[in-house]
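Residue 83 in numbering that gives the first Met the number 0 sits at position 84 of the sequence shown; the count goes up by one each step and never skips. We treat Cβ as the ideally placed atom computed from N, Cα and C, and that holds for glycine. All figures in this text were calculated on a predicted structure; none of them were measured in a lab. For reference, the structure discussed in these notes is given below.
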Amino acid sequence: MLIAQITDIHIGFDKGNPDEHNMVRLRAVLGHLVNGPNRPDLLLLSGDLTEDGAPADYARLAEAVAICPFPVWPMTGNHDARPALREAFPRTPGSADGFVHYTLDHAALRLIVLDTLEPGRHGGAFCAARAAWLADQLAAEPDKPTLIALHHPPFTAGIAWMDTDAREPWVSRLAATLKGHAQVKGLISGHLHRTILSHWEGLPVLVCPSVAPAVGLDLTPIDENTPDNRVLITDEPPGYCLHLWNGKDVVTHFEYAGDYQVFARFDAALQGMIREMVGERPKG
Numbered sequence: 000m001l002i003a004q005i006t007d008i009h010i011g012f013d014k015g016n017p018d019e020h021n022m023v024r025l026r027a028v029l030g031h032l033v034n035g036p037n038r039p040d041l042l043l044l045s046g047d048l049t050e051d052g053a054p055a056d057y058a059r060l061a062e063a064v065a066i067c068p069f070p071v072w073p074m075t076g077n078h079d080a081r082p083a084l085r086e087a088f089p090r091t092p093g094s095a096d097g098f099v100h101y102t103l104d105h106a107a108l109r110l111i112v113l114d115t116l117e118p119g120r121h122g123g124a125f126c127a128a129r130a131a132w133l134a135d136q137l138a139a140e141p142d143k144p145t146l147i148a149l150h151h152p153p154f155t156a157g158i159a160w161m162d163t164d165a166r167e168p169w170v171s172r173l174a175a176t177l178k179g180h181a182q183v184k185g186l187i188s189g190h191l192h193r194t195i196l197s198h199w200e201g202l203p204v205l206v207c208p209s210v211a212p213a214v215g216l217d218l219t220p221i222d223e224n225t226p227d228n229r230v231l232i233t234d235e236p237p238g239y240c241l242h243l244w245n246g247k248d249v250v251t252h253f254e255y256a257g258d259y260q261v262f263a264r265f266d267a268a269l270q271g272m273i274r275e276m277v278g279e280r281p282k283g
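Laid out in structure tokens, this is it:
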């Protein structure tokens, strides 16, 4: 099973411009996914889909991803608005509690999508109601390999102005809810606009690179009362993740949507090398 993930698209940052920078970057990523060799089984949009939750921007996003010949599933981030998201993506599974959380149950792997949006807050949230819902989902399939998707990573990454404090109550509640569930193979997230890998509560956690411009990599402390001219946002290439379930583990590949020169292809000149390399492996 192959899951594609893109995150932090922020459509509507440049209002009224149909070819805004973030849309151009989104089209580049979608072009990779649709026309490349690695056709995913589904595409997960892991939050901050629009800049400010405007219905028109969700409609533009839905129109853009309609080129995908595979299912597209949206998630909430701190820039999103649940009603407008649902209107633009009406196939999104519902929940009686109003949150945009749901489970995608495939033959090989379960994907549990969490909702960490708290309107008016930049950081994450995971209240008692969301914890109870997740506990029920985990209890329903205790032996099936499971991947958890959420917008906000629950660890401290070191980018001071964007970071999660591991002491926040929502982080502790999430950790307590996941504790003892050995079927959980890891967590995938967004929010930080960078490629980041970590280990949290015994689980691998990754942050997918953003479609929108990246957050500058500066791991020094910040004083919010003293502007220091540090780099906040950079125009690095848009990226995405491919999560491959190999029957035992989730293997994540990170890719960037750029036009790169090709130095080698599998042609007759290189067939001998390929045969030699593949031939070293066990057969069957």
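So for residue i, helix, strand or coil by DSSP?
| i | result |
| --- | --- |
| Ser171 | helix |
| Gln4 | strand |
| Ile195 | strand |
| Leu42 | strand |
| Pro203 | strand |
| Thr233 | strand |
| Leu84 | helix |
| Ala267 | helix |
| Leu48 | coil |
| Leu110 | strand |
| Leu216 | coil |
I believe residue i touches residue j by the beta-carbon criterion, under 8 Å. Please report the beta-carbon distance rounded to the nearest angstrom.
| i | j | result |
| --- | --- | --- |
| Lys184 | Pro144 | 5 Å |
| Glu254 | His31 | 7 Å |
| Ile66 | Val23 | With 8 Å as the limit, Ile66 and Val23 do not qualify as a contact, their Cβ atoms being about 15 Å apart. |
| Thr176 | Ala134 | 6 Å |
| Ala213 | His192 | 5 Å |
| Asp226 | Ala256 | The question names Asp, yet the displayed sequence has Pro at residue 226. That pair is no contact at about 32 Å. |
| Ala63 | Tyr239 | Incorrect: roughly 14 Å between the Cβ atoms, too far for contact. |
| Pro168 | Val204 | Rounded, the Cβ-Cβ distance is 18 Å, inconsistent with contact. |
| Phe77 | Asp40 | Reading the sequence as shown, one finds Asn at residue 77 and not Phe. With 8 Å as the limit, Asn77 and Asp40 do not qualify as a contact, their Cβ atoms being about 28 Å apart. |
Got a sec? Which residues, its chain only, sit under 8 Å from residue i by beta carbon, not counting five neighbours each side?
| i | result |
| --- | --- |
| Glu140 | Asp104, Arg109, Gln182 |
| Ala58 | Ala87 |
| Thr91 | Trp72, Pro73, Leu84, Arg85, Val99, Tyr101 |
For residue i, decide whether its Cβ has a neighbour in chain C, counting only Cβ atoms nearer than 7 Å.
| i | result |
| --- | --- |
| Glu200 | Here chain C cannot be found, since the structure has a single protein chain. |
Closest to residue i by CA distance: which of the options is it?
| i | options | result |
| --- | --- | --- |
| Ala95 | Ala128, Gly246, Ala134, Val23 | Ala128 |
| Asn228 | Val277, Gly215, Asp7, Leu44 | Gly215 |
| Ala131 | Ala83, Ala174, Ala58, Gly157 | Ala174 |
| Ala27 | Val261, Ala211, Leu137, Ile232 | Ala211 |
| Phe69 | Ala159, Met0, Asn16 | Met0 |
| Leu84 | Lys247, Gly52, Ala165 | Gly52 |
| Leu146 | Lys247, Ala256, Lys282, Phe265 | Lys247 |
| Ser45 | Lys282, Pro208, Ala256, Leu202 | Pro208 |
| Leu43 | Asp7, Pro17, Gly35, His78 | Asp7 |
| His198 | His180, Phe154, Asn224 | Phe154 |
| Glu117 | Val261, Thr75, Gly201 | Thr75 |
| Pro17 | Glu223, Leu60, His180 | Leu60 |
| Gly119 | Gly201, Ala80, Asn245 | Ala80 |
| Trp244 | Ala107, Glu275, Glu200 | Ala107 |
In the DSSP assignment, find the beta strand (DSSP E) that holds residue i and state where it starts and stops.
| i | result |
| --- | --- |
| Tyr57 | No beta strand (DSSP E) contains Tyr57, which is instead part of the alpha helix (DSSP H) from 54-64. |
| Glu254 | 249-255 |
| Pro281 | Unbroken run through Pro281: none, as it is neither H nor E. |
| Ile158 | Segment: none, Ile158 is in no beta strand (DSSP E) and carries neither H nor E. |
| Val261 | Premise fails: Val261 is in no beta strand (DSSP E) and is neither H nor E. |
| Cys240 | 238-244 |
| Val71 | 71-73 |
Output the boundary residues of the alpha helix (DSSP H) element that contains residue i.
| i | result |
| --- | --- |
| Leu32 | 20-34 |
| Gly185 | Element bounds for Gly185: not the alpha helix (DSSP H) but the beta strand (DSSP E), 183-188. |
| Ile273 | 270-278 |
| Asp104 | No alpha helix (DSSP H) holds Asp104; the beta strand (DSSP E) holding it covers 101-104. |
| Ala130 | 127-139 |
| Ala148 | Note, Ala148: premise wrong, no alpha helix (DSSP H); beta strand (DSSP E) at 145-148. |
Apart from the five residues just before and just after residue i, which ones in its own chain have a Cβ nearer than 7 Å to its Cβ?
| i | result |
| --- | --- |
| Asp13 | Glu19, His20 |
| Leu149 | Leu113, Thr115, Leu186, Ser188 |
| Asp142 | Gln182 |
| Ala159 | Pro220, Ile221 |
| Gly11 | Thr49, Glu50, Asp51, Ala53, Asp56 |
| Asn37 | Leu1, Leu241 |
| Met161 | Leu191, Val214 |
| Thr233 | Pro212, Ala213, Gly215 |
| Thr163 | Gly122, Gly123, His151, Pro152, Pro153, Phe154, Thr155, Val170 |
Leaving out the 5 sequence neighbours to the left and right, which residues in its chain are closer than 6 Å to residue i when beta-carbon positions are compared?
| i | result |
| --- | --- |
| Asp217 | Arg229 |
| Ile195 | Ala156, Val206 |
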